[in-house]
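*Asks:* Chains A and B, in that order, are what the protein sequence lines are. Oh and the first sequence: position 107 is 107 in this note's numbering, straight run, nothing missing. To convert, take the position in the second sequence, counting from 1, and add 1000; that gives this note's numbering. Where is the CB? At the ideal position from N, CA and C, for every residue including glycine. Everything numeric in this text was worked out from a predicted model, so none of it was measured. Below: one structure in structure tokens.
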Amino acid sequence: QKEVEQDPGPLSVPEGAIVSLNCTYSNSAFQYFMWYRQYSRKGPELLMYTYSSGNKEDGRFTAQVDKSSKYISLFIRDSQPSDSATYLCAMSDPGAQKLVFGQGTRLTINP
Amino acid sequence: NAGVMQNPRHLVRRRGQEARLRCSPMKGHSHVYWYRQLPEEGLKFMVYLQKENIIDESGMPKERFSAEFPKEGPSILRIQQVVRGDSAAYFCASSPDNYNEQFFGPGTRLTVL
């Protein structure tokens, strides 16, 4: 079993829709949770960074962490074609600085 | 305010040659991380370095791979005697301290012929 599970998709939605992306994990020591966006043949771009449980909002993006369920989510409101990319969840624990990534979900927003 | 710099962006090597990948962290960042991304897979941690020190190399293959982050200059990931299975995208990330978010460079795409 992988430490971090993420549905690779692909996920295709119409422009303007609300997108929900999710990851589950098995390591209860994870405390830091991140979402990255990666365009084709580019480096990952940090979108959201959260510590422990709770919600965080930044513009059209909302990140949620539910540590009791070992489940994190990223919501994208009013999705745009420019949001089409692969979205990677990542997490780490305080004892180790390395990030453990999900496989990534390929998202396409159709005009 | 330059981001993480990596060079070369593309590198082609024949089997048995050496590959050297360079990474310059963001200004003010003293922590460097290397990750590898194989086709259709997520990123896998390789090594974490601070200036002149390897902190965690638990993701590095035991042979042929080495990394350094000297007092002056960029971090170097070195792959000796490359094989076709080494073909991948190699990403470097940096952070200002070890509990902050990591910022990634554009990557080096290594192709082994």
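Nearest chain B C-beta to A/Tyr49 closer than 7 angstroms, yes or no?
*Replies:* By this cut-off, A/Tyr49 is an interface position.
*Asks:* Along the chain, where does the beta strand (DSSP E) that runs through B/Val1082 open and close?
*Replies:* First-last for B/Val1082: undefined, no H or E at that position.
*Asks:* If contact is defined by three or more beta carbon pairs under 8 angstroms, each pair taking one atom from either stretch, is the stretch 1007 to 1016 of chain B in contact with the stretch 52 to 59 of chain A?
*Replies:* Contact between the stretch 52 to 59 of chain A and the stretch 1007 to 1016 of chain B is absent, because fewer than three Cβ pairs lie under 8 angstroms.
*Asks:* Exposed or buried, which one is A/Gly16 when buried takes at least 16 other CB atoms within 10 Å?
*Replies:* The residue in question, A/Gly16, is exposed, as its Cβ has fewer than 16 Cβ neighbours within 10 Å.
*Asks:* Quick one: which chain A residues come within Cβ less than 7 angstroms of B/Gly1107?
*Replies:* Result: Gly43.
*Asks:* Spell out the partners DSSP gives B/Leu1038 in its beta bridges.
*Replies:* In DSSP, B/Leu1038 forms no bridge with anything.
*Asks:* Does chain B have any CB closer than 7 angstroms to the CB of A/Leu46?
*Replies:* Closer than 7 angstroms to some Cβ of chain B, the Cβ of A/Leu46 qualifies, so yes.
*Asks:* From this set, B/Lys1044, B/Lys1071, B/Ala1088 and B/Glu1040, which residue's C-alpha is nearest B/Ile1079's C-alpha?
*Replies:* Residue B/Ala1088 is the option with its Cα nearest to B/Ile1079.
*Asks:* Any Cβ of chain B within less than 7 angstroms of the Cβ of A/Phe33?
*Replies:* Chain B contact via Cβ: absent.
*Asks:* Rank B/Pro1106, B/Thr1108 and B/Gln1102 by C-alpha distance to the C-alpha of A/Tyr32 and give the top, closest one.
*Replies:* Per the Cα distances, B/Gln1102.
*Asks:* Under 9 angstroms, CB to CB, which of the residues in the stretch 1055 to 1083 of chain B have a partner in chain A?
*Replies:* The residues in question are Ile1055, Asp1056, Ser1058 and Gly1059.
*Asks:* What does A/Ala63 touch in chain B if you count any residue whose Cβ is under 7 angstroms from its own?
*Replies:* In chain order: nothing, as chain B lies at least about 12 angstroms away.
*Asks:* Quick test of your reading: A/Tyr36 and A/Lys70, contact by CB under 8 angstroms. State the CB separation rounded to the nearest angstrom.
*Replies:* Wrong, their Cβ atoms sit about 19 angstroms apart, outside the cutoff.
*Asks:* Looking at the C-beta of A/Gly104, does it have a partner C-beta in chain B at a distance below 7 angstroms?
*Replies:* Interface residue, yes.
*Asks:* Counting only Cβ pairs nearer than 8 angstroms, list the residues of chain B close to A/Lys98.
*Replies:* Correct list: Tyr1033, Phe1045, Tyr1048, Asp1056, Ser1058 and Gly1059.
*Asks:* Taking only runs of the beta strand (DSSP E) that begin and end inside the stretch 1005 to 1062 of chain B, which ones reach a length of at least 3 residues, in chain order?
*Replies:* Those beta strand (DSSP E) runs which fall completely within the stretch 1005 to 1062 of chain B and span 3+ residues are 1005 to 1007, 1010 to 1013, 1019 to 1024, 1031 to 1037, 1043 to 1050 and 1053 to 1056.
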